[in-house]
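In terms of this note's numbering, the sequence shown has 922 at position 69, counting the first letter as 1, and numbering is strictly consecutive. As structure tokens, the structure follows; a few thoughts come after it.
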Amino acid sequence: MRSDPGVTETASCADFLAWALPRLGLAPPGFRRVRRQVCKRLHRRLRDLSLRDLAGYWRHLETHPDEWAVADRCCHITISRFYRDRPVFDRLANEIMPALAAAARGVGRSMLRVWSAGCASGEEPYTLALVWHFVVAARYGDLSLAVVATDADAKVLARAHDALYPPGCLRELPRDWVTLAFVPEGKLLRLNPELRAGITFLCQDLRSAAPEGPFDLILCRNLAFTYFDESGRRDALARLSGRLAPGGALVIGRHERLPPDRAPLEPWIAELGIFRRGGAPAP
């Protein structure tokens, strides 16, 4: 068996990922903290294919090109919670979303449009709906909120549609929000239907597609600028900024960095990964 390029018989999962991820347009350093999750999926796939080791899986990939799509799905990271990263959502609730709502009202619009990219099981877009319902709507009740939530993984989107969650996913939400917004179903909690209205889920991969814009607010946290390779990050930034309305906000992960050429974006609250597109809101 040849070893360059390829995977040796004694290769670890880390070795396999160092070889495979770049071929998927992904950056191995971004996967260090989530490697265990990906490796578990890969080993389940080995069992499905009755393969002995990752060297055998490499050979399978070499002779079955369609398998790369399955390997790619094994690398989807789906870690999420409601109100994940409290300082970010506090600022969204008390500053960013009210400012965007005021700007939209000021030019005579009746809706605030939001895109949640890499929404996983729906925790992020539903958190935005809760923020709107419990905080922003008190001042901007004449506006409606429309959220488009996208993810490349159809299975997690099915869970998002169900809106049924274990209590641990809600631990960072204010307790009164949990009481008012969720209904117990056995050991799980389901979000009330009225709070799910206005949210559209789409199966899309940010590496190749994006919903129709423009959007006043886009959240792309802990996705493109962690897991994509350099070329993919530049492409993602162009796709995101191209869907962002003038005056709109882009939120990335607090520990992420945008590619150097980030025009037309400028820092809004840089320490929280919040940027603004220049220009006046359009009517």
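Think of the CB as a built atom: it goes at the ideal place given N, C-alpha and C, for glycine as much as any other residue.
Rounded straight-line distance, which links the Cα of residue j to that of residue i
i       : j       : result
Trp985  : Val887  : 31 Å
Pro875  : Asp1029 : 45 Å
Ala970  : Val988  : 23 Å
Ala1116 : Asp1088 : 13 Å
Asn1045 : Cys866  : 41 Å
Leu998  : Arg926  : 31 Å
Arg894  : Glu920  : 14 Å
Ala1133 : His1108 : 28 Å
Asp857  : Ala1091 : With a pLDDT of 44 at Asp857, under the threshold of 50, the modelled position of that residue is not reliable, and the figure given next carries that caveat. When rounded, the distance between both Cα atoms is 34 Å.
Tyr1018 : Pro1037 : 10 Å
Phe1078 : Thr980  : 22 Å
Arg1043 : Asp1015 : 8 Å
Glu977  : Val1009 : 13 Å
Arg855  : Leu1023 : Residue confidence for Arg855 is low, a pLDDT of 40 falling below 50, so the modelled location carries little weight and cannot support an answer.
Leu1041 : Arg912  : 42 Å
Thr861  : Pro881  : 18 Å
Gly994  : Ala922  : 44 Å
His819  : Phe1035 : Given that the chain is displayed from residue 854 to residue 1136, the structure contains no residue 819 and the question cannot be resolved.
Ala952  : Leu1072 : 16 Å
Leu1026 : Leu1076 : 22 Å
Asp938  : Ala954  : 22 Å
Asp868  : Gly959  : 55 Å
Asp901  : Ala1135 : 52 Å
Asp1058 : Gly1085 : 12 Å
Gly961  : Phe1068 : 16 Å
Ile949  : Glu1065 : 22 Å
Arg897  : Leu870  : 15 Å
Ala1063 : Leu1103 : 14 Å
Cys892  : Cys1056 : 24 Å
Opposing strand residues paired with residue i [DSSP bridges]
i       : result
Ile1071 : Trp968, Leu1103
Asp1004 : Cys1056
Ala999  : Arg966
Leu879  : Phe1081
Residue interval of the beta strand (DSSP E) (run including residue i)
i       : result
Phe1128 : 1127-1130
Pro1120 : 1118-1122
From the options, residue whose alpha carbon lies closest to that of residue i
i       : options                            : result
Gly1131 : Arg900, Gly1101, Asp1114           : Gly1101
Glu1047 : Lys1040, Leu1033, Cys1056, Asp1058 : Leu1033
Ser1061 : Phe1035, Cys866, Cys928, Thr1003   : Thr1003
Leu1070 : Gly878, Leu902, Val1000            : Val1000
Arg885  : Ala1098, Pro1099, Tyr1080          : Tyr1080
Thr931  : Arg889, Glu1025, Ala990, Arg898    : Arg889
Ala1098 : Leu1023, Cys1022, Ala864, Leu965   : Leu965
Gly883  : Ala924, Thr861, Cys928             : Cys928
Gly1039 : Ala873, Leu1059, Gly1051, Pro1020  : Pro1020
Leu983  : Phe942, Leu1055, Leu914            : Phe942
Val1031 : Phe935, Pro1112, Gly975            : Phe935
Ser974  : Met950, Pro940, Ser933             : Ser933
Ala1123 : Pro940, Ala990, Tyr910             : Pro940
CB contact flag (residue i, residue j, <8 Å)
i       : j       : result
Ile1127 : Arg992  : no
Ala1013 : Cys972  : yes
Asp1082 : Gly878  : yes
Trp1121 : Arg1129 : yes
Trp968  : Arg1049 : no
Leu996  : Ala957  : yes
Ser1094 : Leu1118 : yes
Ala873  : Ala924  : yes
Ala1106 : Arg1074 : The sequence given here has Gly at residue 1106, not Ala. Yes, they are a contact pair.
Continuous alpha helix (DSSP H) stretch holding residue i: start and end
i       : result
Leu1042 : Run containing Leu1042: none in the alpha helix (DSSP H); it sits in the beta strand (DSSP E), 1041-1044.
Val1036 : Not the alpha helix (DSSP H): Val1036 falls in the beta strand (DSSP E), residues 1035-1038.
Arg1086 : 1083-1096
Ala924  : 920-927
Asp868  : 866-873
Leu1023 : Premise fails: Leu1023 is in no alpha helix (DSSP H) and is neither H nor E.
Val941  : 939-944
Glu976  : 976-984
Thr916  : 907-916
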